[in-house]
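Chemist: Take a look at this one; I'll ask things after.
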Amino acid sequence: MAFPKKFLWGGAVAANQCEGAYLEGGKGLALPDMLLGGDVNTPRTFCPTIEKDRFYPSHEAIDFYHHYKEDIALFAEMGFTCFRLSINWARIFPNGDDAQPNEEGLAFYDAVFDECKKHGIEPLVTLSHYEIPWAIVTKYHGFYNRETIELYVKYATTCFERYKDKVKYWLTFNEINMPLMSPQVGDMYGIGVIQDVDLKRTAPCKFPDMKDVPQERLQALHNVFVASAKAVIEGHKINPNFMIGNMVCHVTRYPLTPNPKDMLETQRMDHIFNDLCGDVQVRGAYPYFAKKYYRSLGVDTSFMDDEADKKLLLEGAVDFYTFSYYMSNCITTDENADKIEDSMLAGAKNPYLKASDWGWQIDPDGLRWTLNKLASRYPDTPIMVVENGFGAFDKVEADGSIHDDYRISYFREHIRAMGEAVEDGVPLIGYTTWGPIDLVSAGTGQYAKRYGFIYVNRHDDGTGDFSRSRKDSFFWYKKVIASNGADLD
Ligand code: BGP
Numbered sequence: 000m001a002f003p004k005k006f007l008w009g010g011a012v013a014a015n016q017c018e019g020a021y022l023e024g025g026k027g028l029a030l031p032d033m034l035l036g037g038d039v040n041t042p043r044t045f046c047p048t049i050e051k052d053r054f055y056p057s058h059e060a061i062d063f064y065h066h067y068k069e070d071i072a073l074f075a076e077m078g079f080t081c082f083r084l085s086i087n088w089a090r091i092f093p094n095g096d097d098a099q100p101n102e103e104g105l106a107f108y109d110a111v112f113d114e115c116k117k118h119g120i121e122p123l124v125t126l127s128h129y130e131i132p133w134a135i136v137t138k139y140h141g142f143y144n145r146e147t148i149e150l151y152v153k154y155a156t157t158c159f160e161r162y163k164d165k166v167k168y169w170l171t172f173n174e175i176n177m178p179l180m181s182p183q184v185g186d187m188y189g190i191g192v193i194q195d196v197d198l199k200r201t202a203p204c205k206f207p208d209m210k211d212v213p214q215e216r217l218q219a220l221h222n223v224f225v226a227s228a229k230a231v232i233e234g235h236k237i238n239p240n241f242m243i244g245n246m247v248c249h250v251t252r253y254p255l256t257p258n259p260k261d262m263l264e265t266q267r268m269d270h271i272f273n274d275l276c277g278d279v280q281v282r283g284a285y286p287y288f289a290k291k292y293y294r295s296l297g298v299d300t301s302f303m304d305d306e307a308d309k310k311l312l313l314e315g316a317v318d319f320y321t322f323s324y325y326m327s328n329c330i331t332t333d334e335n336a337d338k339i340e341d342s343m344l345a346g347a348k349n350p351y352l353k354a355s356d357w358g359w360q361i362d363p364d365g366l367r368w369t370l371n372k373l374a375s376r377y378p379d380t381p382i383m384v385v386e387n388g389f390g391a392f393d394k395v396e397a398d399g400s401i402h403d404d405y406r407i408s409y410f411r412e413h414i415r416a417m418g419e420a421v422e423d424g425v426p427l428i429g430y431t432t433w434g435p436i437d438l439v440s441a442g443t444g445q446y447a448k449r450y451g452f453i454y455v456n457r458h459d460d461g462t463g464d465f466s467r468s469r470k471d472s473f474f475w476y477k478k479v480i481a482s483n484g485a486d487l488d
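Per numbering that gives the first Met the number 0, residue 0 is the first one in the sequence shown, and the count goes up by one each step.
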């Protein structure tokens, strides 16, 4: 496999899923702090107040806040040259609209980046990985309010100024297309717009029970685009060498049959759910198909025609394209086709693919297909896969070892597919696996859905001492990195 010489190899985490210490160091509440755990059959619920008798996984997560030195040393042992992490916005601006940033929060990330540097690891920093301060949700109605654009830009520029000599690679918003992909979940996660929920009540509320108001959701997403563009513009003023990217959740879609109706529906869904956000952020303008879709939901699209915003989107186009890739789905107009039971990623089952215990279909060739698609859609734009991984139940043997050959085989095939895409000519610059260390699942809030090369002794019943240990995949990935992707055995 011929990966480029300075290819970035590493892993990715998000603050809310690993840090814990949810009120330490002056941090304020962030949206994920209000989420309870669920499992594969129980949707995650949202509890708008903190109740003593309930379990909120982000509050302790895997306690990266106190273990970061040990964890970064383990990443270095695997040979990481890149570590993707997010800054928790609520550590820097605990109330979202504070006049001054929280120095203790800033100092924490200084220490983390210094630790990376010590080990020769390049940080890749996501500014917003679902960690909108809770106060912005309750006081401003999230990104629906244009004032939130300025709060975000202030937060972003504070980080750019502070870390301009320590961080070169930035991403403005994680999985920015989530509000399109899944209205209720996306409202919550991406844009902090919660509809029709009494934010003072204590009863948990299931995501699917929340009301969707497309006008607010899509106008908020527009404000997110503007916030991202402004951040890119300001970032480049602070350090012209910054590489600032977007981040899309790419669920690759195939027609289930060659029925032209299936083809058309697949193209339509691919456009809306996978391409729309990338087009805005890379090309700097809404694609031609956006208006028809928005209007079909009854949305007044005049915000798309605002001249000042149009100018910002164009000037604030990103420097590189990044995405998460876990699976592919099939699309069909046949209502009787066998469905995938996942509200977020719904589609039809592909008879050629196997799935994880959470129903995510495993498709390495789909990654090659996707990389080629993106390279032709966004010519001359460097591409990076910033999330890819296999959530699974792991078994700890009596001697403490963990034989996760299923994970190794998932990664082997996906890295092979990436290598083939590089040979096809795709300008791929790096790869960070999702969850190089076990962490809290975003979708289900579980610890049991494990992704790591590093095991964390922490469980869904709240037990475990947070100790870390190496799985078989740890040694395998180390070999892969040392050989720059050539040795996948
Ligand atoms: C992406 C998120 C991550 C991560 C990953 C795996 O959607 O960006 O935060 O969690 O998916 O999903 P899950 O944790 O639900 O298994």
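We put the beta carbon where it would ideally sit given N, CA and C, even for glycine.
1. Apart from the five residues on each side of it in sequence, which residues of its chain come closer than 6 Å, Cβ to Cβ, to Ala374?
2. For Thr147, which of Asn87, Val225, Pro213 has the nearest alpha-carbon?
3. Flag this pair as yes or no: are the beta carbons of Ala230 and Thr171 separated by less than 8 Å?
4. I want to know whether the stretch 433-453 touches the stretch 388-403 - three or more CB-CB distances under 8 Å.
5. Under 8 Å, do Leu498 and Gly463 count as touching if we go by C-beta distance?
6. With a threshold of 7 Å (Cβ to nearest heavy atom), would Gln16 be considered close to the ligand BGP?
7. Inspect the beta-carbon positions of His128 and Ala13 and report whether they are closer than 8 Å.
8. Need the endpoints of the beta strand (DSSP E) that Ala158 sits in, please.
9. Below 8 Å on the Cβ atoms is my contact criterion, and I expect Met246 with Ile175 to pass it. Report the Cβ-Cβ distance as a whole number of Å.
10. State yes or no: is the C-beta of Gly24 nearer than 7 Å to some heavy atom of the ligand BGP?
11. Put Gln445 into one of helix, strand or coil per three-state DSSP.
12. As an exercise, report each continuous alpha helix (DSSP H) stretch of at least 4 residues that is fully enclosed by the stretch 244-321, in chain order.
13. Are Gln280 and Ser227 closer than 8 Å when you measure CB to CB?
14. For Arg406, which of helix, strand or coil comes out of DSSP?
15. Could you say which of Glu102, Tyr162, Asn222 lies nearest to His140 if we only look at CA atoms?
16. Is Gly365 near the ligand BGP, judged by its Cβ being under 7 Å from some heavy atom?
17. Measure the Cβ-Cβ separation of Asp459 and Gly36 and say whether it is below 8 Å.
18. What are the residues that DSSP puts in a beta bridge with Pro132?
19. Can you tell me where the beta strand (DSSP E) holding Ile175 begins and where it ends?
20. Pair every Cβ in the stretch 156-163 with every Cβ in the stretch 0-11, then say whether three or more of these pairs are closer than 8 Å.
21. Answer with buried or exposed for Pro93, where buried requires no fewer than 16 other C-beta atoms within 10 angstroms of its C-beta.
22. Could you compute how far the alpha carbon of Asp486 sits from the alpha carbon of Arg83?
23. Compute the Euclidean distance between the alpha carbons of Ile237 and Glu114, then round it to the nearest angstrom.
24. Which residue comes first and which comes last in the beta strand (DSSP E) that contains Cys115?
25. Could you check how far apart the C-beta atoms of Tyr454 and Asp437 are, in whole angstroms? I think they sit under 8 Å.
26. On the three-state DSSP scale, how would you describe Lys477?
27. Going straight from the alpha carbon of Glu476 to that of Ala89, what length do you get?
28. With 16 other CB atoms within 10 Å as the buried threshold, where does Ala60 fall?
29. Do Asp70 and Phe79 have their CB atoms nearer than 8 Å?
30. At a threshold of 7 Å, does Lys205 count as lining the ligand BGP (C-beta to nearest heavy atom)?
31. May I ask you to check if the CB of Asn349 is nearer than 7 Å to at least one heavy atom of the ligand BGP?
32. Give the C-beta separation of Asp499 and Asn371 to the nearest angstrom, bearing in mind that I take them to be a contact with Cβ-Cβ under 8 Å.
33. Taking only heavy atoms of the ligand BGP into account, decide whether any of them is closer than 7 Å to the Cβ of Glu386.
34. Examine the Cβ distances between the stretch 249-261 and the stretch 325-339 and report whether three or more of them are shorter than 8 Å.
35. Please name the residue in Ile131, Ala1, Ser181 whose C-alpha comes closest to that of Ile190.
36. Closest to Thr331 by C-alpha separation, out of Pro254, Lys165, Asp164, Glu396, would be which residue?
Modeler: This is what the structure holds:
1. Taking the first residue of the sequence shown as 1, we reach residue 374 at position 375. Same-chain partners within the cutoff: Val425.
2. Numbered from 1 along the sequence shown, position 148 holds the residue referred to as residue 147. Of Asn87, Val225, Pro213, the residue nearest in Cα terms is Val225.
3. Position 231 of the sequence shown holds residue 230. Position 172 of the sequence shown holds residue 171. Result yes, Cβ atoms of Ala230 and Thr171 sit closer than 8 Å.
4. Touching, yes, given that three or more Cβ pairs across the two stretches are closer than 8 Å.
5. Within the shown structure, residues of the chain are numbered from 0 to 488, placing residue 498 beyond reach of any answer.
6. Position 17 of the sequence shown, counted from the start, is the residue given in the question as residue 16. The closest heavy atom of the ligand BGP lies less than 7 Å from the beta carbon of Gln16.
7. Counted from its first residue, the sequence shown places residue 128 at position 129. Counted from its first residue, the sequence shown places residue 13 at position 14. Contact: yes.
8. Mapped onto the sequence shown, residue 158 falls at position 159. Position check: residue 158 holds Cys in this sequence, whereas Ala was assumed. No beta strand (DSSP E) holds Cys158; the alpha helix (DSSP H) holding it covers 146-161.
9. Numbered from 1 along the sequence shown, position 247 holds the residue referred to as residue 246. Numbered from 1 along the sequence shown, position 176 holds the residue referred to as residue 175. That belief holds up - the Cβ atoms of Met246 and Ile175 are roughly 6 Å apart, short of 8 Å.
10. Position 25 of the sequence shown, counted from the start, is the residue given in the question as residue 24. Distances between the C-beta of Gly24 and the heavy atoms of the ligand BGP are all 7 Å or more.
11. The residue labelled residue 445 in the question sits at position 446 within the sequence shown. Correct three-state label for Gln445: coil.
12. Listed in chain order, the complete alpha helix (DSSP H) runs (minimum 4 residues) inside the stretch 244-321 are 259-268, 289-295, 306-314.
13. Along the sequence shown, one-based indexing puts residue 280 at 281. Along the sequence shown, one-based indexing puts residue 227 at 228. Yes; because the gap between Cβ atoms is below 8 Å, this pair is in contact.
14. Your numbering for residue 406 matches position 407 in the sequence shown. Note: Arg406 maps to helix in three-state DSSP.
15. To locate residue 140, count along the sequence shown from 1; it is residue 141. Minimum Cα distance to His140 is reached at Asn222.
16. In the sequence shown, counting from the first residue as 1, residue 365 sits at position 366. Because no heavy atom of the ligand BGP lies under 7 Å away, the Cβ of Gly365 does not count as near it: no.
17. Position 460 of the sequence shown holds residue 459. Position 37 of the sequence shown holds residue 36. In this structure, Gly36 lies closer than 8 Å to Asp459 by Cβ.
18. Stepping through the sequence shown from its first residue, residue 132 is reached at position 133. Looking at the DSSP output, Pro132 bridges to Ala29.
19. Mapped onto the sequence shown, residue 175 falls at position 176. Unbroken run through Ile175: none, as it is neither H nor E.
20. Cβ pair count under 8 Å is below three, so no.
21. As a first step, residue 93 must be located in the sequence shown, where it is residue number 94. With 16 or more neighbouring CB atoms inside 10 Å of its own CB, Pro93 falls in the buried class.
22. By 1-based counting over the sequence shown, the position of residue 486 is 487. By 1-based counting over the sequence shown, the position of residue 83 is 84. Between the alpha carbons of Asp486 and Arg83 lies a distance of about 23 Å.
23. As a working mapping, residue 237 is identified with position 238 in the sequence shown. As a working mapping, residue 114 is identified with position 115 in the sequence shown. When rounded, the distance between both Cα atoms is 23 Å.
24. Locating residue 115 in the sequence shown gives position 116, where the first residue counts as 1. Looking at the DSSP string, Cys115 is not in any beta strand (DSSP E); the run it does join, the alpha helix (DSSP H), is 102-117.
25. Counted from its first residue, the sequence shown places residue 454 at position 455. Counted from its first residue, the sequence shown places residue 437 at position 438. Taking the Cβ atoms as the reference, Tyr454 lies roughly 6 Å from Asp437, within the contact range of under 8 Å.
26. Residue 477 sits at position 478 when you count from the first residue of the sequence shown. Per DSSP, reduced to three states, the secondary structure at Lys477 is helical.
27. In the sequence shown, the residue the question calls residue 476 occupies position 477. In the sequence shown, the residue the question calls residue 89 occupies position 90. As written in the sequence, residue 476 is Tyr, which differs from the Glu given in the question. About 33 Å.
28. Counted from its first residue, the sequence shown places residue 60 at position 61. Taking a 10 Å sphere around the C-beta of Ala60, we find 16 or more other C-beta atoms and assign the residue as buried.
29. Within the sequence shown, the letter at position 71 stands for residue 70. Within the sequence shown, the letter at position 80 stands for residue 79. Contact check for Asp70 against Phe79 fails: the beta carbons are separated by 8 Å or more.
30. Counting from one through the sequence shown, the residue named residue 205 turns up at place 206. The answer is no for Lys205.
31. Residue 349 sits at position 350 when you count from the first residue of the sequence shown. Shortest gap from the CB of Asn349 to any heavy atom of the ligand BGP: 7 Å or more.
32. Absent from the structure is residue 499, since the part of the chain shown begins at 0 and ends at 488.
33. Residue 386 sits at position 387 when you count from the first residue of the sequence shown. Within the cutoff, so yes.
34. Contact holds: three or more Cβ-Cβ distances are below 8 Å.
35. For the purposes of this step, residue 190 is taken as residue 191 along the sequence shown, with counting starting at 1. Just measuring C-alpha positions, the residue of Ile131, Ala1, Ser181 sitting nearest Ile190 is Ile131.
36. Walking along the sequence shown from the start, residue 331 turns up at place 332. Its Cα nearest to that of Thr331, the residue Pro254 stands out among Pro254, Lys165, Asp164, Glu396.
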